[in-house]
Amino acid sequence: MMKEIIATSQAPAALGPYSQAVVAPAGKTIYLSGQIGLNPETGELVSEVFEDQVKQAFSNMKAVIEAAGGRFEHIVKLTLFLTDLKNFATVNQIMSDLIPAPYPARSCVQASALPKNAQFEVEAIIVV
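Residue numbers (full-length UniProt numbering): 1 to 128.
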């Protein structure tokens, strides 16, 4: 699947590892429910450490995407939820290490609370 990345100087540049917009070709669309940093075996948060929760949430997301026949490079849109936007740069670094360029479109929102007192949640739209 070749996604087309849209970039224009008529709108602000991305503030992290994401694209202004993505055009996805016709294909199977997967709508991934939000994933938090739960250990799939225990159902509990892997750690109270923000970075550990982010990495586990992305690992959980990867498992679901692969079960649906996709890969990280098929992601066209991510929505990130953080309980503290001070962690914005940290999540950008982790994401840029895990998600290959060209990056998907993305939104990042501060949430007052997340399930199980998680500090991070990610949801995605994937086109295979």
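Every residue gets a Cβ at the ideal spot worked out from N, C-alpha and C, and that includes glycine.
{"Check": "Residues that ALA105 bridges to, as DSSP identifies them", "Outcome": "SER19 and LYS77"}
{"Check": "Spatially closest choice to GLY65 from LEU114, THR29, LYS116 and GLY16, by CA coordinates", "Outcome": "According to the sequence displayed, residue 65 carries Ile and not Gly. Minimum Cα distance to ILE65 is reached at THR29."}
{"Check": "Range of the contiguous alpha helix (DSSP H) that encloses ILE65", "Outcome": "50-67"}
{"Check": "Beta-carbon gap between residue 210 and VAL76 smaller than 8 Å", "Outcome": "Any property of residue 210 remains undetermined from this structure, which presents the chain solely from 1 to 128."}
{"Check": "Alpha-carbon spacing of residue 137 relative to GLU44, whole angstroms", "Outcome": "What is shown of the chain runs 1 to 128, which leaves residue 137 out entirely."}
{"Check": "Range covered by the beta strand (DSSP E) that runs through ILE36", "Outcome": "29-36"}
{"Check": "ILE126 (DSSP reduced to helix, strand or coil)", "Outcome": "strand"}
{"Check": "Start and end residues, beta strand (DSSP E) containing ILE94", "Outcome": "Premise fails: ILE94 lies in the alpha helix (DSSP H), 88-98, not in any beta strand (DSSP E)."}
{"Check": "Among PHE120, LEU32 and LYS3, the one whose alpha carbon lies nearest that of THR90", "Outcome": "PHE120"}
{"Check": "Between the CA atoms of ALA13 and GLY70 - distance to the nearest angstrom", "Outcome": "28 Å"}
{"Check": "Residue span of the beta strand (DSSP E) that contains GLU44, given as start and end", "Outcome": "From DSSP, GLU44 is part of no beta strand (DSSP E); its letter is neither H nor E."}
{"Check": "Exposure of PRO104, with buried meaning 16 or more beta-carbon neighbours within 10 Å", "Outcome": "buried"}
{"Check": "Residue of VAL122, ILE99 and LYS116 minimising C-alpha distance to GLN110", "Outcome": "VAL122"}
{"Check": "Residue of LEU15, ALA68, LEU98 and SER107 minimising C-alpha distance to SER59", "Outcome": "LEU98"}
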